[in-house]
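Chains A and B supply the protein sequences, listed in that same order. With the UniProt record's numbering, letter number 339 in the first sequence gets 339, and the count goes up by one each step, no holes. With the UniProt record's numbering, letter number 120 in the second sequence gets 120, and the count goes up by one each step, no holes.
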Amino acid sequence: MSISDVLSPFTAWKNLFRDPVTIKDPLNERPGAARYRGFHKNDMDKCIGCGTCETICQNGAIDMLPVEGIPAVQGDSGLRPRIDYGRCCWCALCVDVCMTGSLTMSNEYKWVESDPDLFRFTPGVDKKYWDNAELGYQRHDEKHLMPVAREEMPELHPEARLDSFVEIVQGYNIEQAKLEADRCVSCGLCIATCPAHMAIPDYIKAVRDGDYERGVQLLYETNPFSQVCGRVCTHCCEDSCAARHEGDPIAIRWLKRHIIDQVPQEKVIELIGKPAAPTGKKVAIIGAGPAGLTAAFDLARLGHAVTVYEAQAAGGGMTRYGIPEYRLPYNALDRDIAVITAMGVEIKYNQRVGTDITMQQLEADYDAVVLAIGLHQGRSTRIPGSDHPQVRKAVDLLRQITAGETIDVPKSMVVIGGGNVAMDIARSMARLQLQHYGEIRVTLTALEDKAHFLADPVEIKESLEEQINILDSRGPQACVIDDNGKLLGLKTWKVLSIFDAERRFAPKYDPADEQIHEGEMIVEAIGQMADVSLLGDALTEKLEWNRGRIQIDPNGRTSENWLWSAGDCVKGPDVINAVADGHRVATSIHRALTPQEATA
Amino acid sequence: MFELDRSQYPQKKADGTLDIDLTSGKYLKLWQGPQHPGITGNMAIELTVCGDEVVDATTHVGYLHRGFEKLMERRTFMQCFPIVCRICVPEPDFNEYCYAAAVEELAGLEIPELAHWIRTLILEMGRVNSYLMYLGGQAGAFGQGVIGQWTTYVRDLMLDRFEELTGARIYHMFIIPGGVRDNLPDGFAGRMEETLREIESVLADVDRVMFHNAVFKKRAVGVGVIDTAWLDSYGITGPNARAAGVAKDVRKDQPYLVYPELEFEAVTGKDSDIYTRADVRRRDLLLSLDLIRQILSRLPKTGAVMTKLPNVLHWKIPRGETYVRGECSRGEYGYYLVTDGSGYPRRVNVRGPSYTHSIALFERMVINANISDVAALLVSLHTYPPEIER
């Protein structure tokens, strides 16, 4: 202690002459920092209502609620987050986890109201003065609270797959599947999109948990064709996946395949259980494709006696006779069908209705009949020369390849069409060419330009890898035939436009840009239609029709009350839609066959 | 000072209560807290005084229990991140760091280099804030209110730096499992340097007005001495131990983050009284300012600040347990985390240094103290009740 200890404190008096350090009006003069976590903003154009913000909020401050004027559509639940500022702790995990980057925070921090209830509000919907604030907390593009890239699927290299029909996609191993399943945020947008409304987040969780038996049970609740859909589904679920907005969508299709691949067939049959007690009702189903067999499976499970009539020697319909084996191996299809027959479904192969048995007989013998005959008849371009024997339909050729029939493989060929069937036949024939002649000479001419191809992008990529010569914007004009009647190739003109102002199909060509594509064979792959000759004249006359398709009610019932129709033949080509359709008619038939209790 | 010879003082009965007759007029029971200007945060001291002299004391806590450790058992690993900072209000960042480091260790995550540097920066900034608050409190406990006004002013400048770096002033929620949420904003080092200079300027004033002050010395020197023999038995760490001459500093003893790359020595004192503890903290605060300068001049300019995380919505961490510790402004702060392979912590235990300092140690130190020194004594241990109870 010294004299300076007495004097030194008096130096504090110097502050008498200092200006105050406080800000007089801090609320107005002091904006929050550039990355301040203030009141929320939500970009309504980007938000998809996935609810991931609600899931991560540990305060329960976020509720997903319907908003007037925002309908639920594919890939958007129509719900929007409402934030309760009585609970929010401003941690911004909701911003970090947002799948689209729509949810952000402004740097505003003052909001005065007399009614506490007003502090629950829906950003972006309830207009606030900070809606256009430029500053505030935002997630960086590279910062994600989950992996955004899809686990790469092991596939056969083009050289290794080109000379055979071995399956290209190898399937995930358990570790890869778990990593891929881990990416799912369980928002459920996919469930609403899937025509069969499969419990996708739940079966993905089963993959994460390694509980494949649970996974199989979940798959069979909505889809008896998991082997098929796990390989060739059009996976519209992935188009609405929340993960696709800032990364790759979850590989939902491949995870489904992974589950079903992990469980032996006997175990699957055991897990599915036994059918209900017999009801004494009999149902005939025409066509053993996905729609027919799904309906058969459901009805058999409910205790009805189901007989399926199939014109071909094996089941699967378009999935077997339209899809090449390198995309869907026949043994995978056989596994799905075996589980269906184990439920008590009887399938009569090589029984062509209309020839071996008539519709009248079916009507007489059964309580209900389902028409699920697919689209097995190819459409023709009807250009000059298209009646030449070497001008073939893609569906016929694909059927022949599946049936193991001998095909006169041309050394060069031209495919007309730009859809998946065109790619299928081009790639199948390329394999046969390589086996026979050691080289591939397949030209594919599509009406559409490359940006608007109808085929799946993966199909196009793989076709190019497999040396298919793909030409876009080429309109077929004539099949060129020499004087000896030999097919020389296809003449095409450049396509200027496909649709007219009313979006009607009316292609316009540039005759100056003419090309002849050499080919000993031309294959038309421009669409399919149902072969309804089995109905017979009388029934055809009695039924109501809608633009060449049988008219059905929302449950699949035709104008004849004993006849239902389902699948591609009424809804157009798509496996998962066919499965959904199968369920729909099964439910409708079950209701029709089950006596209803009188209600007051 | 506490006397070992207790023969002249009231005896305790078998049940632990004092064997005194409160109606005799010789003794008085006095509650300091839970609402009392001479108490730190929400706790209470039940004093038994004889005249001006404290003859017995019992601490009472329980006014601030929020059940964080249990709450965490019902939250996913990422959901725990926003709540841990709330365990200790004045220096929340150690909760964020210890929790994140424990999770990362058990999950097997490697954190980017830059994140280590920014984490160290944040922790030192938090330490500066905590000490500034302490200096105001210590001076205030002796009736010297102006120091708190000055330190609150410069603490606010540091909060500005926190705001521009983390987006928040008090609960920063910035040290996230996997790294930190962002890189430094542009021009941060320059603005931080201005802040550091302002703090140094105020600390020079504090040195003149508080530490070279006859009243403060009269009240603080020789009062509230911690015997070095008590350190281990009472679990005394941090400045309370260093003021007793024992260089206990986790930053040196078990270096973490980038401390091995920084140049510094643990600050120690000799006399172990209130004055020495205040002085050790003042010098430790100056050390923190130096460490912040070292960090800002040496941290990598670019690089990732976060590692790739699994999907945090269903993040499962394998079975394991760990204890992660760091040197906060009060001493050793630690998180003991047990995981069982599920998506939630099985058990979390937070070791806040205030627990040992303000309960067991204080109850012993306060005996024989003058009643007017009780508040200063408690403040001199630098305790935060929120971390005692959690």
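Idealized CB from N, CA, C, for every residue including glycine.
Check                                                                                                                                                                                     : Outcome
Output the boundary residues of the alpha helix (DSSP H) element that contains residue 256 (chain A).                                                                                     : 252-262
Residues of the stretch 285-318 of chain B with a CB closer than 9 Å to any CB of chain A: list them in chain order, please.                                                              : 304, 305, 306, 308, 309, 310, 311, 312, 313, 314, 315, 316
Using the three-state DSSP reduction, which class does residue 148 (chain B) fall into: helix, strand or coil?                                                                            : helix
In the DSSP output, which residue or residues are listed as bridge partners for residue 393 (chain A)?                                                                                    : A:524
Listed in chain order, which residues of the stretch 149-170 of chain B have Cβ atoms closer than 7 Å to some Cβ of chain A?                                                              : 153, 163, 164, 167, 168
Of all the residues that make up the stretch 170-188 of chain B, which are near chain A by a beta-carbon distance shorter than 7 Å?                                                       : 173, 182, 185
Expressed to the nearest angstrom, what Euclidean distance is found between the alpha-carbon atoms of residue 650 (chain A) and residue 378 (chain A)?                                    : The requested residue 650 (chain A) does not occur in the structure, where chain A is confined to residues 1 to 600.
Could you check if residue 102 (chain A) is buried or exposed, using at least 16 other CB atoms within 10 Å of its CB as the buried criterion?                                            : buried
Measure from the C-beta of residue 382 (chain B) to each C-beta in chain A and report whether the shortest distance is under 7 Å.                                                         : no
Alpha carbon to alpha carbon, how far is residue 594 (chain A) from residue 43 (chain A)?                                                                                                 : 50 Å
Per DSSP, what are the beta-bridge partners of residue 32 (chain B) in this structure?                                                                                                    : B:45
7 Å is my cut-off, CB to CB: does residue 79 (chain B) come that close to chain A?                                                                                                        : yes
If I'm right that residue 4 (chain A) touches residue 212 (chain B) with Cβ under 8 Å, what's the distance once you round it to whole angstroms?                                          : 6 Å
By how many angstroms is the C-alpha of residue 356 (chain B) removed from the C-alpha of residue 224 (chain B)?                                                                          : 16 Å
Measuring alpha carbon to alpha carbon, tell me which of B:129, B:234, B:168 ends up nearest residue 196 (chain B).                                                                       : B:129
When the distance is taken between beta carbons, is residue 54 (chain B) closer than 7 Å to residue 367 (chain B)?                                                                        : yes
In its own chain, which residues sit with a C-beta less than 7 Å from the C-beta of residue 499 (chain A), not counting the 5 before and 5 after it?                                      : 505, 506
Counting pairs of Cβ atoms below 8 Å between the stretch 267-277 of chain A and the stretch 338-351 of chain A, do you hit three or more?                                                 : yes
For a contact meaning CB atoms closer than 8 Å, what does residue 182 (chain A) contact in chain B?                                                                                       : 310, 311, 314
So which of A:282, A:419, A:302, A:284 has the shortest CA-CA distance to residue 274 (chain A)?                                                                                          : A:302
Hey, how far is the Cα of residue 284 (chain A) from the Cα of residue 278 (chain A)?                                                                                                     : 16 Å
Going by DSSP, name the residue or residues bridged to residue 326 (chain B).                                                                                                             : B:333
Using the beta-carbon count (16 or more within 10 Å), is residue 258 (chain A) buried or exposed?                                                                                         : buried
What residue range does the beta strand (DSSP E) around residue 345 (chain B) cover?                                                                                                      : 345-351
At a threshold of 6 Å, does residue 60 (chain B) count as lining the ligand FAD (C-beta to nearest heavy atom)?                                                                           : The ligand FAD is absent from the structure shown, which contains no ligands of any kind.
So which residues of chain B does residue 8 (chain A) contact, with C-beta pairs closer than 8 Å?                                                                                         : 208, 209, 212, 213
With DSSP run on the structure shown, which of helix, strand or coil describes residue 590 (chain A)?                                                                                     : helix
Pick helix, strand or coil for residue 493 (chain A), following the three-state DSSP scheme.                                                                                              : strand
When you compare only the Cα positions, how much space is there between residue 227 (chain B) and residue 265 (chain B)?                                                                  : 23 Å
What span of residues does the beta strand (DSSP E) with residue 82 (chain B) cover, start to end?                                                                                        : Segment 77-84 is the alpha helix (DSSP H) holding residue 82 (chain B); no beta strand (DSSP E) there.
Run the CB neighbour count on residue 463 (chain A), radius 10 Å, all protein chains shown included, and call it buried at 16 or more, exposed below.                                     : buried
Mind pulling the chain B residues with CB within less than 8 Å of residue 4 (chain A)?                                                                                                    : 212
Excluding the 5 residues preceding and the 5 following residue 491 (chain A) in the sequence, name in chain order all residues of the same chain whose CB lies nearer than 7 Å to its CB. : 477, 478, 480, 514, 516
So, at 7 Å on beta carbons, what are the nonlocal neighbours of residue 250 (chain B) in its own chain, with the 5 sequence-adjacent residues on each side left out?                      : 325, 326, 327, 332
Nearest CA to the CA of residue 245 (chain B): which residue from B:258, B:256, B:230?                                                                                                    : B:230
How about residue 12 (chain A): is its C-beta nearer than 7 Å to some C-beta of chain B?                                                                                                  : yes
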